[in-house]
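Here the structure comes first, spelled out in structure tokens, and everything after it is commentary.
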Amino acid sequence: MKSGTDERLREAAADAMARAYAPYSDFRVGAALLCDDGSIIAGCNVENSSFPSGSCAERGALAAAVVAGHRTFTHLAIVTDAEEPTSPCGMCRQALVEFSPNLQITSYTTSGAEAGWSLADLLPHPFTPQSLHHT
Ligand code: THU
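Last residue of the sequence shown: 135 in this note's numbering, with the numbers rising by one and none dropped.
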């Protein structure tokens with residue numbers, strides 16, 4: 001990542017976290033994707049009184065990025081105010097691997113902790129578009 005980009009990505013995720021709609025869990029999440037052209041696209045979790053209708057921050061960022069014309073991502077930043085950095089849930093891992101199996105993920109807490117993983121480590125042996133084409 002270019003110098004300063006990691007900080008811009010973290011800030012975008014932190015700004016998104018501030019806009020999270022999470023009245024039921026009170027667990028706010030911000031996510032920001034770094035696209036292959038250097039663009040940064042963010043998302044936040046958006047909950048719903050019908051709980052399963054809510055969406056995670058990571059998939060919010062992914063949908064916003066795709067509609068903006070981006071389909072390849074190099075990094076994902078996540079920000080929460082949890083005690084420890086949190087990794088993306090299983091559904092978000094699957095959603096992300098469709099577009100970027102080589103994604104690098106850094107998760108931050110608002111108190112300054114951070115942890116990093118590759119998506120390949122978090123989701124080994126994924127089901128991918130190629131999986132549909134076995135004959
Ligand atoms: N959440 C995310 O936004 N991303 C994750 O990877 C895990 C969970 C949200 C969903 C829900 O709004 C709240 O956090 C509690 O699960």
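No residue lacks a Cβ here, since even glycine has one placed at the ideal position from N, Cα and C.
Remember, predicted model here, so these are calculated numbers, not experimental data.
Spatial distance of residue i from residue j (CA atoms)
i           : j           : result
residue 21  : residue 73  : 25 Å
residue 52  : residue 46  : 11 Å
residue 167 : residue 4   : Residue numbering for the chain in the displayed model covers 1 to 135; residue 167 lies beyond these limits and cannot be assessed.
residue 55  : residue 25  : 12 Å
residue 130 : residue 30  : 30 Å
residue 27  : residue 38  : 29 Å
residue 19  : residue 111 : 18 Å
residue 127 : residue 65  : 22 Å
residue 2   : residue 98  : 25 Å
Residue i, buried or exposed, once every other Cβ within 10 Å from all chains shown has been counted against 16
i           : result
residue 7   : exposed
residue 17  : buried
residue 44  : buried
residue 80  : buried
residue 49  : exposed
residue 68  : exposed
residue 100 : buried
Check whether residue i and residue j have beta carbons under 8 Å apart
i           : j           : result
residue 119 : residue 58  : no
residue 61  : residue 32  : yes
residue 116 : residue 109 : no
residue 113 : residue 85  : yes
residue 122 : residue 94  : no
CB-CB length for residue i against residue j, believed under 8 Å
i           : j          : result
residue 35  : residue 70 : 4 Å
residue 103 : residue 75 : 7 Å
residue 40  : residue 9  : 6 Å
Beta-bridge pairing of residue i - partner residues as DSSP gives them
i           : result
residue 55  : 46
residue 107 : 78 and 115
residue 30  : 44 and 79
residue 73  : 35
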